[in-house]
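Under my numbering, the letters of the sequence shown match residues 44 to 147, in that order.
All C-beta atoms, glycine included, are put in the ideal place defined by N, C-alpha and C.
What you are looking at is a predicted structure, and each value in this text was computed from that prediction instead of being measured.
Read the structure below first, then the notes.
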Amino acid sequence: MQARRTSGGMWLDDDAFLAAALSFASDGPGGMSRVAAFPPGRRAGLARLHDFKVGGYAGGRNFAGERRSVSSLSPYLRHGLVTLVEARDHVLSEDAGRAGKFVQ
Numbered sequence: 044m045q046a047r048r049t050s051g052g053m054w055l056d057d058d059a060f061l062a063a064a065l066s067f068a069s070d071g072p073g074g075m076s077r078v079a080a081f082p083p084g085r086r087a088g089l090a091r092l093h094d095f096k097v098g099g100y101a102g103g104r105n106f107a108g109e110r111r112s113v114s115s116l117s118p119y120l121r122h123g124l125v126t127l128v129e130a131r132d133h134v135l136s137e138d139a140g141r142a143g144k145f146v147q
C-alpha cells in the first residue's frame with residue numbers, strides 16, 4: 044500500500060487518502076453522498092467487481108435507472124484501483140458466454 048502526504052503534511056494510506064480527498068463531495072442523487080455511492084479504495088472496487096453480474100449487462104446497460112445491469116466500476120477503473128485486465132478476466136471467468144458487450 045502506498046502512502047501519500049496531505050497538504051497539511053499528514054501521511055495517509057490509499058484508502059484514507061481517497062476518503063479524505065472525497066470528503067468534500069456534495070450530496071448525489073436521492074440525497075446519497077457521492078462517497079457512499081462509491082466507497083473509496085481498491086478493496087471497495089474489487090468488492091464491486093465481484094458483486095457485478097455480467098449476465099444482464101448487454102440487455103440492460105442503456106436504460107436509465109437499471110442500476111443492477113451496470114457494473115458501477117467506472118471510478119475504480121478510471122483511477123486504477125481495479126485494472127481493465129482484472130475486470131475482463133473476472134467477467135470472462137464468471138460468464139464468458141454473456142461477457143462480450145462488457146469486454147468490448
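| field | Where SER136 falls: helix, strand or coil (DSSP) | value | helix
| If you compare alpha carbons, which of ARG85, VAL125, LYS96 and PRO118 is closest to PHE145? | LYS96
| query | Alpha carbon to alpha carbon, how far is THR126 from PRO118? | reply | Going by the C-alpha atoms only, they are around 11 Å apart.
| message | Determine whether the beta carbon atoms of GLY98 and ASP138 lie at a separation below 9 Å. | response | yes
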